[in-house]
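Everything on this sheet refers to the single structure shown next.
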Amino acid sequence: KQEVTQIPAALSVPEGENLVLNCSFTDSAIYNLQWFRQDPGKGLTSLLLIQSSQREQTSGRLNASLDKSSGRSTLYIAASQPGDSATYLCAVSNTGNQFYFGTGTSLTVIP
Amino acid sequence: SQTIHQWPATLVQPVGSPLSLECTVEGTSNPNLYWYRQAAGRGLQLLFYSVGIGQISSEVPQNLSASRPQDRQFILSSKKLLLSDSGFYLCAWSGGGGRRDIQYFGAGTRLSVL
Numbered sequence: 001k002q003e004v005t006q007i008p009a010a011l012s013v014p015e016g017e018n019l020v021l022n023c024s025f026t027d028s029a030i031y032n033l034q035w036f037r038q039d040p041g042k043g044l045t046s047l048l049l050i051q052s053s054q055r056e057q058t059s060g061r062l063n064a065s066l067d068k069s070s071g072r073s074t075l076y077i078a079a080s081q082p083g084d085s086a087t088y089l090c091a092v093s094n095t096g097n098q099f100y101f102g103t104g105t106s107l108t109v110i111p
Numbered sequence: 001s002q003t004i005h006q007w008p009a010t011l012v013q014p015v016g017s018p019l020s021l022e023c024t025v026e027g028t029s030n031p032n033l034y035w036y037r038q039a040a041g042r043g044l045q046l047l048f049y050s051v052g053i054g055q056i057s058s059e060v061p062q063n064l065s066a067s068r069p070q071d072r073q074f075i076l077s078s079k080k081l082l083l084s085d086s087g088f089y090l091c092a093w094s095g096g097g098g099r100r101d102i103q104y105f106g107a108g109t110r111l112s113v114l
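Protein chains in written order, with the working numbering: chain A, 1 to 111; chain B, 1 to 114.
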């Protein structure tokens, strides 16, 4: 069964810093990988989706990379802002119908 | 545009009471539907998913059940709640004529079993 791990569990950075969140998965035969943002007590908002054939996706200050062979993905956030404070979750899909989530990284950006 | 509704937003129930959480999707047809649970400090655990009316797949053995009586309606139920059923429950959908590999989530239901 696919297992997804996210490191670190929590991260606190001063405003303006660039940062990297990590996600690893045990089964490299994935269909896609998705990064989500979750604000406290709220649902999940999709940030970026990387297909298994892709190596990276970019949206604004966010850049997600995928190394399927090593079972790793990173989410790079440039010039962090206090509004970026949230929990970031990665999820992998093996078939396109089922998704397996990591435990998340709780990010705090200090003004 | 597509929207997903989940209710109630919060729920406090005594141990042994029944449960019914409802999720509906608008603006799409034949979506994949999902129920997840998020326990405090833990990741999302997939509980059930459905690829069509009456088709339910369960990921883990548990005290809960799911049903899909209509194309865009997904219900999570229990006959007798346990303390361990407390958590944040999220409904999600994908597909419906679009991409089935992108999920969209509801706002969640916070369930406290006392």
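From the three backbone atoms N, C-alpha and C, an ideal C-beta is built for every residue, glycine too. Remember, it's a predicted structure, so these values are computed and weren't measured experimentally.
The stretch 7-14 of chain B makes no contact with the stretch 57-70 of chain A, as fewer than three CB pairs between them are under 8 Å.
Contact between the stretch 63-80 of chain B and the stretch 45-54 of chain B is present: 3 or more CB-CB pairs across the two stretches fall below 8 Å. Assignment of Ser-84/B by DSSP, reduced to helix, strand and coil, places it in the helix class. Residue pairing by DSSP places Val-109/A opposite Val-13/A in a beta bridge. In terms of beta-carbon proximity, Arg-72/B stays away from the interface with chain A, with every pair separated by 9 Å or more.
Among the residues of the stretch 83-110 of chain B, those with a Cβ less than 9 Å away from any Cβ of chain A are Phe-88, Leu-90, Cys-91, Ala-92, Ser-94, Gly-95, Arg-99, Arg-100, Asp-101, Ile-102, Gln-103, Tyr-104, Phe-105, Gly-106, Ala-107, Gly-108 and Arg-110, in the order of the chain.
Relative to Thr-24/B, the option among Ser-84/B, Ile-75/B and Glu-59/B whose CA is nearest is Ile-75/B.
By the beta-carbon neighbour count (other beta carbons within 10 angstroms, threshold 16), Val-20/A is exposed. Excluding its 5 nearest sequence neighbours in each direction, Phe-105/B has C-beta neighbours in its own chain below 8 Å: Ile-4, Leu-90, Cys-91 and Ala-92, listed in chain order. Residue pairing by DSSP places Glu-26/B opposite Thr-3/B in a beta bridge. Ser-85/A sits away from Ser-24/A, with the two beta carbons spaced by 9 Å or more. For the stretch 34-49 of chain B, the set of positions with a beta-carbon nearer than 7 Å to some beta-carbon of chain A reads Arg-42, Gly-43, Leu-44, Leu-46 and Tyr-49 in chain order. In this structure, Gly-87/B places its C-beta atom within 9 Å of the C-beta atom of Ala-39/B.
Its chain contains Leu-49, Ile-50, Gln-51, Ser-52 and Ser-93 as the residues whose beta carbon lies nearer than 7 Å to that of Asn-32/A, once the 5 sequence neighbours on both sides are disregarded; these appear in chain order. Short of 6 Å from the beta carbon of Ala-64/A, and not among the five residues preceding or following it, lie these beta carbons of its own chain, in chain order: Trp-35, Leu-48, Ile-50, Gln-57 and Leu-75.
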